[in-house]
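To start, the structure itself, in structure tokens.
Residue numbers (the working numbering), protein chains in the order written: chain A, 7 to 229; chain B, -5 to 245.
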């Protein structure tokens, strides 16, 4: 019989696991955002060597499974360097670097979508290159990127489930534990899936709202 | 025309790949002067303006701003750029900022004005181009002519020593052209120093101190409008003007 009453006993574990999932998503997204921004700027404005290095990095993180990256960070790097770190730290780092590689692609497109004539106009006013990035390019690129960026949120939010492979106590691994202790895999995993779904659905609605609030007439529409 | 030379190019060459776009142009603009450059497309007018506006360096030659060789030594080019206004063929407004925001940006971040002071000055500039009621509108909500006038206000706000105009009406229809030309004529009469690439002959006739004819990367001839428009010396200028004036039904 399907039923979820037994789960009330596990509420605390589920909430704790969900909080870890939230933390990991937030860390991965924000760290990836900073990394992605720097990589995108380097790829658009940097020299040839910079671009080759950046694209090698991106290809590595996009071209190999996240689970392998997690294993590499949690088991591989400590084995090589003799420096131990927690599963949480290794997992957060791997997520940031992984998400940075994806966000770089979105941000690069958004930066390139800012018309070049504005750069020339900024130059003619006497703005330095840095000022041009800070006041002209990035404020437009960050608005343009929001729709693509929500995809990354959806994808990364669900990818945090892979952290169970290195033993981070996030939502999925909590589900696995409950399921094996209660022998009710179907109800348990279904409940966990619903939690992911509701969380991601509500967050998407929120981003849509923020996007509308930040929207500027004519910006990013024709692009 | 007497008075201090504000901007001067000496022997300006520009080569893109194997193409020489400028082949040793000499040009100078004095304080208070309005100089107009005409010439067929591909003659290097826009390139010359971009080089004089320090938006790209010449391959060869020197540029003097108020007597100083700008590419010699370690001058702060951004400082000089701020003193040379530029109005582009396409309006080139910052699309995430309102008309007011566009005019304010340079005041705040280049001239380091306080927000309040910058706002006041920016409004004043929008008034000069008759757009104070449109201050809160974004570029996409303005007509091409209005956008171009915001571009003029943005350049003017920096209190430049000279403003360069690169065919500011080329992408506008006739009616919008006039509202932009009118503003430019007002500026010329106020004594703002201007170097203007345009084919608006009525404008040149009305306010230019001198018209220069450019072709194949060289300035072939400069003369006051009454001479240039009636009796240019070079045959090429004569045939070019004949065609251009034909479009205006003669002047």
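Ideal placement from N, C-alpha and C gives every residue a C-beta, glycine not left out.
Contact between the region 128 to 138 of chain A and the region 167 to 186 of chain A is absent: fewer than 3 CB-CB pairs across the two stretches fall below 8 Å. Within the region 142 to 157 of chain A, contact with chain B at the beta-carbon level (separation under 9 Å) is assigned to 142, 145, 146, 149. Residue environment for residue 96 of chain B: buried (at least 16 other C-beta atoms within 10 angstroms of its C-beta). Inclusion of residue 211 of chain B and residue 17 of chain B in the CB contact set at 7 Å is warranted, their separation being smaller than that value. With respect to the C-alpha of residue 120 of chain A, the residue from A:106, A:17, A:105, A:141 having the closest C-alpha is A:141.
For residue 57 of chain A, the CB contacts under 6 Å within the same chain, skipping 5 residues up- and downstream, are 49 in chain order.
Between residue 75 of chain A and chain B, the shortest Cβ-Cβ separation is not below 7 Å. Residue 104 of chain B has a beta carbon lying within less than 7 Å of a beta carbon in chain A.
Residue 22 of chain B sits in a strand when the DSSP states are folded into three classes. When rounded, the separation of the alpha-carbon atoms in residue 70 of chain A and residue 193 of chain A is 32 Å. Residue 78 of chain A carries a helical assignment under DSSP once its states are collapsed to helix, strand and coil. When secondary structure is reduced to three states using DSSP, residue 65 of chain B falls in the coil class, being assigned neither helix nor strand. Residue-level contact check: residue 134 of chain B touches chain A, since one or more beta carbons of chain A fall below 7 Å from its beta carbon. Here the C-alpha atom of residue 171 of chain B lies approximately 14 Å from the C-alpha atom of residue 82 of chain B. One thing to note: residue 187 of chain B has its Cβ no nearer than 7 Å to the Cβ of residue 54 of chain B. Taking a Cβ-Cβ cut-off of 8 Å, the neighbours of residue 223 of chain A in chain B comprise 132, 134, 135, given in sequence order. In the structure shown, residue 159 of chain B adopts extended strand secondary structure according to DSSP, grouped into three states. Under the Cβ distance rule, residue 84 of chain B counts among the residues neighbouring chain A, one pair being separated by less than 7 Å. Within a 10 Å sphere around the beta-carbon of residue 220 of chain B sit fewer than 16 other beta-carbons, which makes this residue exposed. A direct Cα-Cα distance of roughly 16 Å separates residue 178 of chain B from residue 167 of chain B. When the Cα atoms are used, residue 11 of chain A and residue 189 of chain A turn out to be separated by approximately 14 Å. One Cα belongs to residue 97 of chain A, the other to residue 43 of chain A, and the distance between them is close to 21 Å.
Under the three-state reduction of DSSP, residue 50 of chain B is assigned to coil, being neither helix nor strand.
Residue pairing by DSSP places residue 205 of chain B opposite B:30, B:217 in a beta bridge.
The DSSP-derived three-state label of residue 81 of chain B is strand. Any Cβ of chain A closer than 7 Å to the Cβ of residue 75 of chain B would place that residue at the interface, and such an atom is present. Judged by DSSP secondary structure, residue 188 of chain B falls within the beta strand (DSSP E) whose first and last residues are 188 to 191.
Taking every protein chain shown into account, the CB of residue 203 of chain A has fewer than 16 other CB atoms within 10 angstroms, so this residue is exposed. Burial state of residue 200 of chain A is exposed, judged by a 10 Å Cβ sphere holding fewer than 16 other Cβ atoms. Bridge pairing for residue 101 of chain B: absent [DSSP]. For residue 8 of chain B, the enclosing beta strand (DSSP E) stretches over residues -1 to 10. Residue range 191 to 220 is occupied by the alpha helix (DSSP H) that includes residue 207 of chain A. A buried status is given to residue 182 of chain B, since no fewer than 16 other beta-carbon atoms sit within 10 Å of its beta-carbon. Residue 86 of chain A and residue 55 of chain A have their alpha carbons spaced roughly 27 Å apart. Contact annotation, residue 151 of chain A with residue 103 of chain A: C-beta distance approximately 19 Å; criterion of less than 8 Å not satisfied.
Rounded to whole angstroms, the gap between the alpha carbons of residue 182 of chain A and residue 169 of chain A is 12 Å.
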